[in-house]
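To convert, note that position 133 of the sequence shown is 113 in our numbering; the numbers rise steadily by one, no gaps. Comments concern the structure below.
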Amino acid sequence: MKKSLLLLSALLAVGMTLQAKVAYLVPAGDTELNSLPYEHYIAEADGINKQFEQSPERRAWLWFNEVFVESGRGQFICFTDLAAMPDDIQSLWIYVDRVGFDAAAFDALFADYIDELQTFVNNGGNVFLCKQATRLEKDLVGATDAGGNTIVPDYNFGDYQGAATWGVDYRFEFGNDVVWSNADHPIYSYAPYRDENYAELIWTNGGMITDHNCGIGIGAMDMSSITDADGLATFQNRNNCKVLGCWANGDGCHYGGVIEFYPVGNRKGTVLFMGLAAYSWINNNGGFGWANTQAITRSALMYLDAQQTTGQYRVAYLLPAFLPSQAGGYDGEQPERNAANWFRDTYVNTDKQGCFITVEELPKLAEMGVKTLWVNIERVGISPDDAIYASITDALKAFVKTGGNVLLTKQATYLAYLIGRIDYAPALQSAEYVDDDRGQLRSMQTVMGLSDCVDQRLDMSGHQIFNNMLCYWDTKSMFFVSPGCRKTYNYCSWQDYFRAADEDTHYDNCLIQRVRDFEQDWSATVLAGQGGIGDYCLSNIIEFNATDDWSGRILTVGSAAYQWGTSNNSVERNNLTTLTANCLNYLLDEQPQEQLFTRSVAAGQWGTICFDYAVEAGNIQGADMYSIHSFNATGDSLILVKVDNMAPGQPYIYYSTGYQIQIRYSGTCEEAKRHNGLVGFIGWSDTDTYEVGAGKHVLTNNIFTPVEANIPYILTPRYAYVDAAEVPAYAQMPEAEHTTIRIVDAHPSAIDNMMNNIGSITGIYDIFGRRVSRPQTSGVYIINGQKTLITVP
């Protein structure tokens, strides 16, 4: 309990550094405590009739005054303040909880102030609606059911009653599957009484009193039962919201009692909805119920206080015709809905810099501050003549011409032609979903021109949009779908290139010149090709750069491999989301965020690592990194030079200084390399292995020992081994900070072979078995069959 209170205090202290305040709306003509309904009521609790002296609203007033007002973080407002809301108020708590107060009385109380509340929310104000105040959802949000009808939350106002153990389910499991879970939402973070086994937050206990639910029934939420995840997803996507919790009462769960409605369209603010019967500020509800009520309320108000409220956004996702595909089956894949869900979770809900817009709102992008727009269209059987394109073209053209940047994915790539950025259309292929395992053909290649007949390769792997993606080390080909994923052959790509001035020009075998001419004609950059295609005939990603006529940039990703299928949820989905985020951040001119790599180690031990990204000085913790310099003078150890930076793909030897190595990195992955005899292995995936051949050296027990014949040594990704034949001979000690590590039987080299074969050798030989007239540099030599250390002045 103390820990939870400390966390709450710390959270509040952080919040106090902000200028904005949260407000408590006193539903009356003034903000004083005596303006609230004051009730003496008698109810049975613990088997005894007891009189309770404070109404829930009065009790909430006292708490808010102590926690927020007296600390300078909040203030009370009343109805008459709504017309001129103070500028520093960005979040408003509206709590109405009155026994016997029916819906007609509620509507009459708020009737004259609905317009002011709508203005506040539409301008970016956030609202926390509690208990009977959830009835305002119909005016501030207007959520709809499957039939398009506005949902009016249930409104219950009966007498208080004794309660069993009531609370909220914030996660629901069916069998071994988690149907939905919001246990990690910030409003639950500091609640001290959470039953993790039952995924439930306990609010009341037997003998305590409460009243009734004011939530949305599961039927209105498109759900046949609490296990109906598809119905829940449909409701959430249609209303741009997330159900955070349901009424927990025995084995029944009939109400969506905690819902967050995200900004969308004209509404720039967030509406958080709390209609649970268990949420009651009643003075007999002590112990964990009272603690959870305070914790949830404080967390919810501070969560809303942190939301963006200016109505300005940097990135937007277009809902073409409000995404009819989101509500459809689409053979179970629903690709546009999956993409929209990811955008919502990444840009709308998390950092609040993103928003959804409709086609009608396209002309308002500049006014909203949007710099980058994502248009994603993926529909089987769509035609270039589909009305969806016509509804977007003019506004999109104006946006790009005046400096807006656009990411066009899948069939939306066709819009680059329709708005006039390029004078000929890409191929638009529409097909049904299929079960087909095409392997690498469903990937993207950042290195183009791989067939024997192609004169030159084009390597674009260093471009920012490919940062932090899983690449295949040989062709730098990134998988986006894999066996077991349902796919389409839908693509929208420029299959071939020709000069605008001469469509019939023949380039014979110089295909790279085709690409260069295409780029010159259209001020474009070709960034990736179709996996499995050996020349340049099918582009996957093209950037149309800014020009004098087009101030904004366009990125097109038209590959069939770019697939937001529900079955594609592993490494390939990670590549898909990483690429999309990279593209959006690139168009937003943002630098990629650093990633963290960790490896558990034993302290004070030697190890090897081959890391596929560049690592700058100061970003390595838990180990000192070394590279091989040469053999030492006697040839029984390796001289290691300490390094501060790690080059991408280069292997290193480390000495652990703790129990975990932490490496922070960003940039583009590169293939494994060899350096002074140290050979790295990265692999295509985390499950790949490499068999180290006999005679090569691997690190065991802090010593490099040779691999024996017929006893293979299996190397896993991001480790390295030593090829002693490639280690430089000793010449002189390095000036940089260095150390040594022992290597056993380091020279099965030409010298040892000669000594074994001949038995007795006359003359002078260097360490590589070459005969010399005299020692040229300091080091080990074979003189008349004997190894001798020679120092040359």
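Even glycine gets a Cβ: it sits at the ideal position worked out from N, Cα and C. In this text the structure is predicted, and so the values were computed from the model without any measurement.
By the beta-carbon neighbour count (other beta carbons within 10 angstroms, threshold 16), Y404 is exposed.
Here E46 is not bridged, per DSSP, to any residue.
Residue environment: D68 is assigned as exposed (fewer than 16 neighbouring CB atoms within 10 Å of its CB, all protein chains considered). Taking each of K118, Q409, P243 in turn and checking the Cα distance to G104, the smallest one comes out for P243.
Given a length threshold of 4 residues, each whole run of the alpha helix (DSSP H) inside the region 480 to 537 is given here in chain order: 491 to 502. Ranked by how close their Cα comes to the Cα of L284, the residues Y634, A3, R579, F577 have A3 in first place. By the C-beta density criterion, S473 is buried, having at least 16 other C-beta atoms within 10 angstroms. The beta carbon of K381 is closer than 8 Å to those of D529, W530, S531, G532 in its chain, skipping five residues each way along the sequence.
Between I589 and P628, the beta carbon gap of about 13 Å keeps them out of contact (Cβ cut-off 8 Å).
Secondary structure of E412 (DSSP, three-state): coil. The C-beta distance from N525 to A508 rounds to 16 Å, too long to fall under 8 Å, and the pair is not in contact.
By a beta-carbon distance limit of 8 Å, Y75 contacts A40. Their separation comes to about 5 Å. With fewer than 16 other Cβ atoms inside 10 Å of its own Cβ, V752 counts as exposed. In this structure N246 does not touch H192 by the C-beta definition: roughly 32 Å separates them, more than the 8 Å allowed. DSSP, read as helix, strand or coil, puts N356 in strand. Assigned with DSSP and collapsed to three states, W41 falls in helix. One thing to note: D77 has its Cβ within 8 Å of the Cβ of E37.
For R722, the enclosing beta strand (DSSP E) begins and ends at 718 to 722.
The beta carbons of Q444 and N520 sit no closer together than 8 Å. The beta strand (DSSP E) runs of length 3 or more contained entirely in the region 49 to 112 are, from start to end of the chain, 54 to 58, 69 to 76, 106 to 111. By the Cβ-count criterion, L256 is buried, with 16 or more other Cβ atoms from all chains shown falling within 10 Å of its own Cβ. Per DSSP, the continuous alpha helix (DSSP H) segment holding F323 begins and ends at 315 to 323. Here D604 is near Y635, since their CB atoms are less than 8 Å apart. N356 and T393 have their C-alpha atoms some 8 Å from each other. Here DSSP, grouped into helix, strand and coil, assigns D439 to strand. Looking at the DSSP output, Q640 shares a beta bridge with S580. By the Cβ-count criterion, T99 is exposed, with fewer than 16 other Cβ atoms from all chains shown falling within 10 Å of its own Cβ.
Its chain contains P628, G629, C649, E650, I662 as the residues whose beta carbon lies nearer than 7 Å to that of D592, once the 5 sequence neighbours on both sides are disregarded; these appear in chain order. Following the DSSP letters along the chain, one finds T207 in no alpha helix (DSSP H), marked with neither H nor E. For Q391, the secondary structure class from DSSP, reduced to helix, strand or coil, is helix. Every beta strand (DSSP E) stretch that sits fully inside the region 591 to 646 and reaches 3 residues is listed by chain position as 603 to 611, 617 to 623, 631 to 636, 640 to 645.
Here DSSP, grouped into helix, strand and coil, assigns N14 to helix. Your pair F379 and L353 checks out as a contact, with CB atoms roughly 7 Å apart and the cut at 8 Å. Rounded to whole angstroms, the Cβ separation of K344 and R294 is 15 Å, and the two are not in contact under 8 Å. CA-to-CA, the gap between G673 and A209 works out to about 52 Å.
Proximity to G429 across S363, Y516, A367, A91 peaks at Y516, based on C-alpha coordinates.
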